[in-house]
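Engineer:
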């Protein structure tokens, strides 16, 4: 086994953990955007071409009621498209049946990992958590898929 090459210890220079900033990552993002990134430090290499997809929970509450756990947040896909030295950003919610029906009703209709549907224990008994398609993306077999550990992949249309 080789020895570690670490010669200096790097420490966090702040005195405290920034709780408000941490919780800011769990805020709802209500808007779907579509724009070119113009405020870039440096230059984007012109030979980088393609799209980088990122997925994560974008909606953490519905009808003013917060989901019981951030794992239950509805998936939001972000696409960064690189072409000829430019970067285009677009984000869209993954339009699962859960997302569509809860958006229309403006309330929780499905059980999640940490979110219970109204009605107590018996209303949730034997109900499996719903797939919010919020964990990752892969391109496999010619298909772009949104993933969640608790369900089947959800197929997406890359151009939308």
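Residue numbers (full-length UniProt numbering): 1 to 160. Built from N, CA and C at the ideal position, the CB exists for glycine as well. Predicted, not measured: the structure shown is a model, and the values here were computed from it.
(1) Between residue 129 and the rest of its own chain, which residues show a CB-CB distance below 6 Å, the 5 nearest in sequence each way excluded?
(2) What does the alpha-carbon distance come out to for the pair residue 63 and residue 137?
(3) Counting only the same chain and skipping the five closest in sequence on each side, list residues whose C-beta sits under 6 Å from that of residue 102.
(4) As a quick exercise: from 143, 28, 132 and 44, pick the residue whose alpha carbon is nearest that of residue 85.
(5) Kindly identify the DSSP beta-bridge partner or partners of residue 139.
(6) Give the C-beta separation of residue 80 and residue 46 to the nearest angstrom, bearing in mind that I take them to be a contact with Cβ-Cβ under 8 Å.
Structural biologist: Straight from the coordinates:
(1) Here residue 129 refers to the residue found at position 129 of the chain shown. Here the set comprises 111, 112, 113 and 150.
(2) Position 63 of the chain shown holds residue 63. Position 137 of the chain shown holds residue 137. Roughly 27 Å separates the two Cα atoms.
(3) Taking the chain shown and counting its residues from 1, one reaches residue 102 at position 102. In the same chain as residue 102, and ignoring 5 residues on each side of it, the C-beta atoms closer than 6 Å to its own belong to 62 and 109, in chain order.
(4) Working through the chain shown from its first residue, we reach residue 85 at position 85. Out of 143, 28, 132 and 44, 44 has the C-alpha closest to the C-alpha of residue 85.
(5) As a first step, residue 139 is located in the chain shown; it is residue number 139 there, counting from the start. In DSSP, residue 139 forms a bridge with 144.
(6) Residue 80 sits at position 80 when you count from the first residue of the chain shown. Residue 46 sits at position 46 when you count from the first residue of the chain shown. 16 Å between Cβ atoms; not a contact.
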